[in-house]
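Remarks on the structure that follows.
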Amino acid sequence: MDTMRDKPIKFSSSVFCLIILLSVYNSTAELRRLVQPPKSDGTLSFLVVGDWGRRGSYNQSQVARQMGKTGMNLNIDFVISTGDNFYDDGITSPYDCQFQDSFTNIYTAPSLQKPWYNVLGNHDYRGNVDAQISPILKDFDCRWVCLRSYVVNAGN
Ligand SMILES: *[C@@H]1O[C@H](CO)[C@@H](O)[C@H](O)[C@H]1NC(C)=O
123 MDTMRDKPIK
133 FSSSVFCLII
143 LLSVYNSTAE
153 LRRLVQPPKS
163 DGTLSFLVVG
173 DWGRRGSYNQ
183 SQVARQMGKT
193 GMNLNIDFVI
203 STGDNFYDDG
213 ITSPYDCQFQ
223 DSFTNIYTAP
233 SLQKPWYNVL
243 GNHDYRGNVD
253 AQISPILKDF
263 DCRWVCLRSY
273 VVNAGN
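Right under this line is the structure:
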C-alpha cells in the first residue's frame, strides 16, 4: 500500500482483556502470549497507522504530532501498525538507522510511548524481514513488537 492512511480510531467496549497470541511457537511449542490489560473502566483505546516510515518527510512528522495529541486525548493503550513501516525497501538489519530516523525519533510524544504492535507490508518484505522481527529492536526501543501475524483473543 502506497498511500498515506493515518486514521486514529477509538474502540471503547467492555473488553476485559485483549490477549494477543503469537502465531509463532517457542521451544515449548506453546503460543507466546502478550497480554494487554484494559483500563479500570474495562475499555481499551488505540491508534492505527500504516505506511509511515519516511524519516519524517512526506508529512510523517506532522502526522506523528497529531497522533501525539489524539493519543493524549484518547488516553491510548497501544498503537497498531498495519505495515509498510519503512520506505521504500524495509530495513537492512536491526542496526539500520532508519529504525531511529523513522520510528524512535519521530513518535516522541508522551502518549505514544506505549506498545506498538506491528505487522509487515510489501515494502517491508522488500528489505530484511528478520531485521524487523528481531528482538534486538526491542532493546533499541522497548515499544517495538513486530511479528508476521497475530491471533487476537479478546473478550467482547
Ligand atoms: C504535506 O502536507 C501539506 C499540507 O497538507 C501538503 O501541501 C504537502 O504536499 C505535503 N507534503 C508532502 C511531501 O506530501
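So for the sequence shown, my numbering puts the first residue at 123; every next one is plus one. Glycine residues also receive a C-beta, built at the ideal position from the N, C-alpha and C atoms.
Original post:
Whose C-beta lies closer than 7 Å to the C-beta of Arg265 among residues of the same chain, with five residues either side of it excluded?
Top reply: Gln235, Lys236, Pro237, Trp238
Original post:
Closest by CA to Ser215, which one among Tyr272, Ile255, Val267?
Top reply: Ile255
**OP:** Look at the alpha carbon of Gly212 and the alpha carbon of Ala186, and state the distance between them as a whole number of angstroms.
**Re:** 19 Å
**OP:** Examine the Cβ distances between the stretch 167-175 and the stretch 188-196 and report whether three or more of them are shorter than 8 Å.
**Re:** yes
Original post:
Can you name, in chain order, every residue of its own chain whose Cβ lies under 6 Å from the Cβ of Asp263, other than the five neighbours on each side?
Top reply: Thr226
**OP:** Answer with buried or exposed for Gly172, where buried requires no fewer than 16 other C-beta atoms within 10 angstroms of its C-beta.
**Re:** buried
Original post:
What does Asn240 pair with, by DSSP beta-bridge criteria?
Top reply: Ser203, Cys268
Original post:
For Asn197, is the beta carbon positioned less than 7 Å from some heavy atom of ligand 1?
Top reply: no
**OP:** Report the rounded CA-to-CA distance for Gln188 versus Leu269, giving the unit in angstroms.
**Re:** 26 Å
**OP:** Compare the C-alpha of Val201 against each of Tyr180, Val241, Tyr217 and name the closest.
**Re:** Val241
**OP:** Given a cut-off of 8 Å, decide if Tyr217 and Gly175 are closer than it, judged by their beta-carbon atoms.
**Re:** no
Original post:
Beta carbon of Asp206, beta carbon of Gly243: below 8 Å?
Top reply: yes
Subject >> Selection from Pro159, Arg248, Ala253, Ser233 that minimises the alpha carbon distance to Cys219 >> reply: Ala253
**OP:** Assign Gln235 to one of three DSSP states: helix, strand, or coil.
**Re:** coil
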